[in-house]
Structure formats: structure tokens, C-alpha cells
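Step one of this worksheet: look at the structure below.
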Amino acid sequence: MKTPEYLEKNIVLGYPIDKLGDPFRMLFLDIETTGLSPQDASIYMIGCAFFGREGLHVRQFFADDPAEEGAILNAFISFLKDYDTLITFNGNKFDIPFLEKRAARYGMDTGLSAKKGLDIYKRIRPYRALLSLPDMKQKTLERFLGVDRIDRMSGGDLISVYKRYASDGGSEECLDLLLEHNHDDLCGLPPLLSLLAYPDVINGEIKPERAVKNNYKDYEGVTKTELIIEFTFDIPVPEPVSTGFSDCYLMLGGKKGKIRVAILEDTLKFFYPDYKSYYYLPTEDRAIHKSAARYVDAKYREQAKAENCYVKVTGQFLPEWKEIITPAFKNELNDKTMYFELSDEIKNDPEVFRRYAGHLMDIILKERG
Numbered sequence: 003m004k005t006p007e008y009l010e011k012n013i014v015l016g017y018p019i020d021k022l023g024d025p026f027r028m029l030f031l032d033i034e035t036t037g038l039s040p041q042d043a044s045i046y047m048i049g050c051a052f053f054g055r056e057g058l059h060v061r062q063f064f065a066d067d068p069a070e071e072g073a074i075l076n077a078f079i080s081f082l083k084d085y086d087t088l089i090t091f092n093g094n095k096f097d098i099p100f101l102e103k104r105a106a107r108y109g110m111d112t113g114l115s116a117k118k119g120l121d122i123y124k125r126i127r128p129y130r131a132l133l134s135l136p137d138m139k140q141k142t143l144e145r146f147l148g149v150d151r152i153d154r155m156s157g158g159d160l161i162s163v164y165k166r167y168a169s170d171g172g173s174e175e176c177l178d179l180l181l182e183h184n185h186d187d188l189c190g191l192p193p194l195l196s197l198l199a200y201p202d203v204i205n206g207e208i209k210p211e212r213a214v215k216n217n218y219k220d221y222e223g224v225t226k227t228e229l230i231i232e233f234t235f236d237i238p239v240p241e242p243v244s245t246g247f248s249d250c251y252l253m254l255g256g257k258k259g260k261i262r263v264a265i266l267e268d269t270l271k272f273f274y275p276d277y278k279s280y281y282y283l284p285t286e287d288r289a290i291h292k293s294a295a296r297y298v299d300a301k302y303r304e305q306a307k308a309e310n311c312y313v314k315v316t317g318q319f320l321p322e323w324k325e326i327i328t329p330a331f332k333n334e335l336n337d338k339t340m341y342f343e344l345s346d347e348i349k350n351d352p353e354v355f356r357r358y359a360g361h362l363m364d365i366i367l368k369e370r371g
């Protein structure tokens with residue numbers, strides 16, 4: 003068994019790690035295995051990274067041959083006791099279950115279930131559309147952030163390298179490849195924490211700065227009007243990103259964000275919920291409450307139905323996909339897209355735009371995801 007250790011002084015975080023807990027009680031974890039299934043594959047390396055006063059320390063528990071799996075598990079479990087938070091990349095689905103199942107074969111309790119955990123992949127996966135990346139692999143995310151790594155191999159590529167190492171007496175060339183890959187995976191994890199700024203923005207508090215109308219020409223040269231909502235947030239995103247859905251567009255960069263959404267100028271309908279209490283007036287194409295209809299000749303009124311129990315309003319409207327801002331208007335009763343009127347009262351209410359911006363971000367990411 004080998005336990006090499008390194009000190010990295012130039013790791014850039016880009017995220018307020020104190021938000022996640024005590025940095026000196028956090029352990030970054032990445033394992034290397036001879037296959038994907040803990041039923042018939044073993045662990046040959048358990049890599050750990052942790053913060054010290056001088057920088058990031060990397061410690062690796064390496065099995066010179068598969069027979070040393072129990073030894074590296076035992077050493078890791080003993081080492082783990084000083085930490086209360088585990089940070090992994092897809093560790094909830096792979097590293098942690100694999101460790102627990104392999105340890106159980108030796109009658110060992112890892113103690114992993116008692117630790118707090120942060121799986122970076124799990125937290126970031128819902129925001130793939132926002133990042134506009136081809137996949138969410140660790141190396142892809144590192145390239146997105148401009149993180150450099152020496153290693154160019156995958157964990158799968160290294161299975162044959164380890165088997166060759168274990169069978170030929172332990173060549174230094176093979177060992178270097180194996181240690182380097184795990185080392186680079188571990189050193190890539192702290193910078194990946196900066197990606198947490200994206201879910202922080204989407205799910206956290208934003209501060210609207212202004213909401214302004216803007217005229218623009220669409221691809222056919224038709225002049226249209228949009229609303230631009232500009233807002234700020236506390237934790238900067240590491241890279242500028244943008245995405246959109248329908249006529250809504252989201253842009254984030256630094257500590258600032260912008261949402262553009264098309265304004266609809268039209269006549270829409272407000273549907274009364276209790277249609278049985280209304281009459282429909284066909285000649286006027288509107289519904290009125292029965293208490294106000296007693297002066298209307300019976301031949302000019304009929305019992306309202308759900309689909310014609312409405313009143314029409316002409317104005318400027320903004321779309322919403324949940325009834326966030328009321329009253330909500332539609333073209334037809336069963337339309338999924340609703341609208342609210344861009345009234346003077348709403349124009350001067352920053353709280354409305356804060357809630358609306360949050361709603362639009364949710365919808366854009368849901369539809370693009």
C-alpha cells in the first residue's frame with residue numbers, strides 16, 4: 003500500500019466555501035476502481051483532498067495489488083473520522099455506495115452515512131441548459147471554467163493500466179498515470195464549487211435594479227416591444243451564460259443578470275371562476291354577474307359556460323406559466339400560457355418584478371432542460 007501526499011498552493015476557489023461549512027472539516031473524495039459494479043470490481047485507490055493552512059493537501063490510499071483493498075479501506079476509514087462533510091462529483095451514485103459495499107465485504111463500517119454530503123454533479127445537473135454544454139462530465143466542466151489539468155485519460159482507460167501495474171511488478175510509468183489522474187480529479191473539485199453560484203442565483207434572492215421597455219425588430223423586420231428586467235445578486239457566477247425559451251431570454255454575468263421578455267399588445271380574456279353565477283351576453287361578447295343582469299332582457303342573455311364566462315381587456319401583457327401575478331388573462335380557457343397586464347401599478351412595484359424574474363428563470367430552465 004502506498005499513501006503519497008501532495009500540497010497544492012494555487013487552487014482557486016471562486017466560491018465562498020464558508021457557506022458550506024467549516025473548510026477544515028471538509029473532505030473532497032474520489033475513488034478509482036477496476037470496474038463499475040462493486041459486486042465484481044474492487045477499489046484500488048481512494049483519493050482525498052483537504053484544506054490546511056498552506057493550501058490544499060492531496061492524500062491517496064493506493065493498493066499495489068487488489069489484495070490490498072481491505073488495507074486501503076481501513077486506512078481511509080480511520081482518516082475519515084476527522085471530517086464531517088464529504089464533497090464529491092457524482093459521489094452519491096458511485097463513490098459512496100461503492101465504498102460502503104466493498105467495505106461491507108470486509109466487515110467494515112465506513113461511517114459515510116453519518117457525514118454531511120455535497121455532490122457537485124447532482125447540484126449542477128439541472129442547469130445543463132443554462133451552461134450550454136455537450137455533457138456534464140467533470141472534465142467538460144473544468145474546461146468551461148478554464149481549469150487546466152495534465153491528465154488526459156479517463157477512469158475507464160486506467161483499468162487496464164492498473165491491471166498491468168499489478169501484474170508486472172509495479173512500473174513507475176503506470177503508477178504515475180494512475181496517481182496523476184486521481185490527483186487531477188481531486189484538484190478539479192474545489193474550483194468546480196464556483197458552479198454552485200448558478201443554482202444560488204436561480205433559487206436565491208435577486209435584487210431588481212430596473213425594468214424598462216425596449217423596442218426591437220424581429221427576424222422579419224417587424225418592430226416589437228419587450229421588457230428588460232435587470233437585477234443583481236451576491237455571489238458572482240464564474241462564466242457568463244445565456245439561454246432562452248419562447249420569447250424569454252436569460253443572461254447572467256458577474257453579479258448581474260438580465261431577463262428579456264416580449265410584451266404582448268392584444269385583447270385578452272379574464273375568465274370568472276364561478277361561471278354558474280354569471281350570464282353570457284352574446285351581442286356584447288362578455289359575461290356579467292347575475293346580480294347585475296336583472297335589468298338585461300332575457301333574450302339577450304344566456305347561462306354562462308366555463309368557456310364564455312369572461313370579460314375582455316385590451317392592453318399590454320406579459321406571459322406567465324403559473325398564476326404568479328394576478329389577475330391572469332388568457333386567449334382561451336384551457337391555454338397553458340397566461341398573462342398579466344402591465345399596468346402602471348405593476349410598473350412601479352419592484353417586488354412584482356423580483357417574483358416575476360424568479361418565475362421566468364424557473365420556466366426557462368425547466369423548458370430548456
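Take my numbering: the last position of the sequence shown gets the number 371, and nothing is skipped along the way.
The beta-carbon is built from N, C-alpha and C at its ideal position, and this holds for glycine as well.
No experiment lies behind these values; they were computed from the predicted model shown.
Query                                                                                                                                                                 : Result
Any idea if Thr35 is buried or exposed, counting beta-carbon neighbours within 10 angstroms, 16 or more meaning buried?                                               : buried
Give the straight-line distance between the Cα atoms of Met340 and Met138, rounded to the nearest whole angstrom.                                                     : 34 Å
Just the Cα atoms here: how many angstroms apart are Gly49 and Ala77?                                                                                                 : 12 Å
Considering Cα atoms alone, identify which of Gly190, Ser173, Tyr200 is closest to Arg127.                                                                            : Tyr200
Thinking C-beta only, is Arg125 closer than 8 Å to Glu71?                                                                                                             : no
Among Thr316, Phe342, Asn336, Glu334, whose alpha-carbon lies nearest the alpha-carbon of Glu325?                                                                     : Phe342
Could you round the C-beta distance between Ser134 and Gly16 to whole angstroms and report it? I think they count as a contact, below 8 Å.                            : No, Ser134 and Gly16 are not in contact; Cβ-Cβ is about 19 Å, not under 8 Å.
What does a CB cutoff of less than 8 Å around His361 pick up in its chain, not counting 5 residues either side in sequence?                                           : Glu322, Trp323, Lys324, Ile326
Could you check where the alpha helix (DSSP H) with Asp186 kicks off and where it finishes?                                                                           : 174-194
Mark Asn184 as exposed unless 16 or more other C-beta atoms lie within 10 angstroms of its C-beta, in which case mark it buried.                                      : buried
Tell me whether Glu232 sits in a helix, a strand or coil according to DSSP, three-state version.                                                                      : strand
Roughly how many angstroms lie between the CA atoms of Ile365 and Ala131, to the nearest whole one?                                                                   : 12 Å
Can you tell me which residues form a DSSP beta bridge with Gly317?                                                                                                   : Asp268
Compute the Euclidean distance between the alpha carbons of Asp377 and Tyr251, then round it to the nearest angstrom.                                                 : The structure shown has nothing for residue 377, since the chain only spans 3 to 371.
Would the stretch 278-294 count as touching the stretch 252-269 if we require 3 or more Cβ pairs under 8 Å?                                                           : no
Specify whether the stretch 45-59 and the stretch 77-90 touch according to this definition: at least 3 beta carbon pairs, one from each stretch, less than 8 Å apart. : yes
On a Cα-Cα basis, can you pick out the residue from Leu191, Pro18, Ser115 that is closest to Glu10?                                                                   : Leu191
Shortest alpha-carbon distance to Tyr358 belongs to which of Ile208, Cys311, Ala300, Glu369?                                                                          : Ile208
Buried or exposed for Asp24, please, with buried defined as at least 16 other CB atoms from any protein chain shown within 10 angstroms of its CB.                    : exposed
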